[in-house]
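Read the structure below first, then the notes.
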Amino acid sequence: AAMVLDGRALAREMRDDLSLRVAAYVAQHYHTPTLGVIHVYGDRSAERYVRSLQISCNRVGMNFKYYLLHHTATQRELESAIYTFSADPNVDGIIIQMPLPIKYDSAAAVGQLDHRKDIDGVHPINVGLLNQNKPSLVPNTPAGGMLILERYGIELAGRDAVVIGRSAIVGGPMSTMLLNAEATVEICHRATRNLADKVRRADVVVTAAGKIGLVTGDMLKPGATVIDFGINVRPDNTICGDVDYASAFEVAGAITPVPGGTGPVTTMVLLNNVLKAAIATHVDIDDDMAQC
Ligand code: NAD
Numbered sequence: 002a003a004m005v006l007d008g009r010a011l012a013r014e015m016r017d018d019l020s021l022r023v024a025a026y027v028a029q030h031y032h033t034p035t036l037g038v039i040h041v042y043g044d045r046s047a048e049r050y051v052r053s054l055q056i057s058c059n060r061v062g063m064n065f066k067y068y069l070l071h072h073t074a075t076q077r078e079l080e081s082a083i084y085t086f087s088a089d090p091n092v093d094g095i096i097i098q099m100p101l102p103i104k105y106d107s108a109a110a111v112g113q114l115d116h117r118k119d120i121d122g123v124h125p126i127n128v129g130l131l132n133q134n135k136p137s138l139v140p141n142t143p144a145g146g147m148l149i150l151e152r153y154g155i156e157l158a159g160r161d162a163v164v165i166g167r168s169a170i171v172g173g174p175m176s177t178m179l180l181n182a183e184a185t186v187e188i189c190h191r192a193t194r195n196l197a198d199k200v201r202r203a204d205v206v207v208t209a210a211g212k213i214g215l216v217t218g219d220m221l222k223p224g225a226t227v228i229d230f231g232i233n234v235r236p237d238n239t240i241c242g243d244v245d246y247a248s249a250f251e252v253a254g255a256i257t258p259v260p261g262g263t264g265p266v267t268t269m270v271l272l273n274n275v276l277k278a279a280i281a282t283h284v285d286i287d288d289d290m291a292q293c
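Under the numbering used here, think of the first position of the sequence shown as 2, with each following residue one higher.
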C-alpha cells in the first residue's frame with residue numbers, strides 16, 4: 002500500500018502561513034494584495050471556479066476583482082480589459098480564465114499581460130525564465146505538484162520521471178520543473194506509442210491528460226511515486242483523476258488522491274503568487290516614499 006500524499010493537509014499549512022504573511026504585508030504597505038480575474042463568460046463550471054477563488058482570496062485576507070466580459074466581446078475589448086488590470090496599481094496578480102472561446106487569440110491576449118502580474122506563469126517572459134531555471138512567476142498546478150514532492154521528501158535528482166501531458170499550464174511546465182530538479186524526464190502525449198512501457202520504467206509518474214483510467218496499477222514500477230493532476234467527472238458526477246487509484250495504490254510507493262491531492266495545493270500556490278507579485282511591484286514604491 003502506498004503513502005498517501007495529502008494535498009489538503011499541505012494546503013491548510015500553506016493557508017495559515019499565507020494569512021500571516023498577508024497580514025504583515027498589509028500592515029507594512031497599507032495595500033491589500035489583490036487578485037484580478039478576467040473571464041469571458043462561457044460555462045457555469047468556470048463561473049463556480051471563479052467564485053471559489055474569490056472565497057479563497059478573502060479567507061487569506063486578499064481582495065478580489067472580477068472583470069466579466071460578455072461572449073460577444075471582441076479581441077480588442079478583451080485586450081483592453083487585460084490592459085486595464087495590468088495598469089491598475091491596485092491589482093497585483095491577474096488571471097485570464099482559460100480556455101478562452103476559440104474565436105480569441107489566446108497568445109495575443111497573454112502577451113498583453115504585465116508579466117510581473119502574470120500569476121499563472123504563462124507570459125513568454127515567465128515561461129522563458131522557467132526554462133532557464135531562473136523561475137519567477139510559475140504555473141500554479143505543477144508548482145503545487147513540486148511542493149507535494151518536496152513536502153513528502155520524494156527524491157528527484159537522478160530519478161526517471163514520466164510526465165503524461167504537455168499543456169502550457171500543467172504538463173509542459175511540470176516536465177521543466179522536474180528537469181530543473183535534476184530528474185531525467187520523458188514527456189508523453191496523445192501521439193506517444195507504448196505508453197505502458199514508458200510508465201513501467203519510471204520512478205515518478207505524473208499524469209496531466211484529463212483521461213479516466215489512463216494509468217493503472219499494472220503499468221507502474223513497484224514503489225513508484227504517482228502525482229495525478231487529472232480532474233475528471235465520472236458519469237455519476239463524482240470526481241476522479243487520470244490514475245486508477247485502487248489498483249495504483251497497491252503498487253505505488255506514494256500517490257496523490259483525487260480529490261484531495263494536487264487540487265487544493267494549486268489554489269494556495271496561486272494566492273502565494275499574488276502576494277509574491279504584490280511584494281515585487283510595491284517594494285519600489287515604498288523605497289521611493291522612504292526617500293521623500
Ligand atoms: P489539455 O487538454 O490542455 O492537455 C492534455 C495533454 O494530455 C495533452 O498534451 C495531450 O497530448 C495529453 N493526452 C491526452 N490524452 C492522452 C492519452 N490518452 N495519452 C497520452 N497523453 C494524452 O489539459 P490540461 O489543461 O493540461 O489539463 C490536464 C488535466 O489536468 C485535466 O484533467 C484538467 O482538469 C486537470 N487540471 C488540474 C489542475 C489541478 O489543480 N490539479 C489544474 C489544471 C488542470
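Cβ atoms here follow ideal geometry from the backbone N, Cα and C, with glycine treated the same way.
- Item | Reference residue 266, options 2, 8 and 257, closest by Cα | In the sequence shown, counting from the first residue as 1, residue 266 sits at position 265. Minimum Cα distance to residue 266 is reached at 8.
- Inter-residue Cα distance where the pair is residue 73 and residue 98: Within the sequence shown, the letter at position 72 stands for residue 73. Within the sequence shown, the letter at position 97 stands for residue 98. Using only the alpha carbons, I get a separation of about 16 Å.
- Contact shell at 6 Å, judged by CB to any heavy atom of the ligand NAD, ordered along the chain: 142, 165, 166, 167, 168, 170, 171, 172, 189, 190, 191, 193, 196, 209, 210, 211, 212, 215, 230, 231, 232, 233, 263, 264 and 267
- Query: Straight-line CA distance for residue 273 to residue 139?
  - Reply: On the sequence shown, residue 273 is found 272 positions in, with the first residue counted as 1. On the sequence shown, residue 139 is found 138 positions in, with the first residue counted as 1. Between residue 273 and residue 139, the C-alpha separation is close to 11 Å.
- To which residues of the same chain is residue 109 closer than 8 Å at the C-beta, ignoring the five residues directly before and after it? Counting from one through the sequence shown, the residue named residue 109 turns up at place 108. Only 76 and 80 meet the Cβ criterion.
- Message: Looking only at its chain, what residues have a beta carbon closer than 7 Å to the beta carbon of residue 116, apart from the 5 residues adjacent to it on each side?
- Response: Your numbering for residue 116 matches position 115 in the sequence shown. Around residue 116: 124, 126 and 127.
- Query: What residues are listed by DSSP as bridge partners for residue 42?
  - Reply: For the purposes of this step, residue 42 is taken as residue 41 along the sequence shown, with counting starting at 1. None, per the DSSP bridge assignment.
- Query: Under a Cβ-count criterion, where at least 16 other Cβ atoms within 10 Å of its own Cβ denotes burial, should residue 188 be classed as buried or exposed?
  - Reply: For the purposes of this step, residue 188 is taken as the residue at position 187 of the sequence shown. A residue is called buried once 16 or more other Cβ atoms fall within 10 Å of its Cβ, and residue 188 is buried on that count.
- Query: Cα separation between residue 89 and residue 222?
  - Reply: Within the sequence shown, the letter at position 88 stands for residue 89. Within the sequence shown, the letter at position 221 stands for residue 222. If I take the Cα positions, the gap works out to 50 Å.
- Task: Have a look at 137, 201 and 54 and flag the residue whose alpha-carbon is nearest the alpha-carbon of residue 224.
- Result: Against the sequence shown, residue 224 aligns to sequence position 223. Nearest C-alpha to residue 224: 201.
- Query: With a CB to CB cut of under 8 Å and the five nearest residues on each side skipped, what residues in its chain are close to residue 83?
  - Reply: Looking up residue 83 in the sequence shown gives position 82. Here the set comprises 39, 95, 97, 110, 113 and 114.
- Item | Residue environment, residue 234, which counts as buried when at least 16 other CB atoms sit within 10 Å | Position 233 of the sequence shown, counted from the first residue, corresponds to residue 234. It counts as exposed.
- Classify residue 4 as helix, strand or coil using the three-state DSSP reduction. For the purposes of this step, residue 4 is taken as residue 3 along the sequence shown, with counting starting at 1. Reduced to three states, the DSSP call for residue 4 is strand.
- Message: Using only CA atoms, which one of 62, 56 and 47 lies nearest to residue 69?
- Response: By 1-based counting over the sequence shown, the position of residue 69 is 68. It is 47.
- According to DSSP, residues forming a beta bridge with residue 65: The residue you call residue 65 lines up with position 64 of the sequence shown. Per DSSP, 36.
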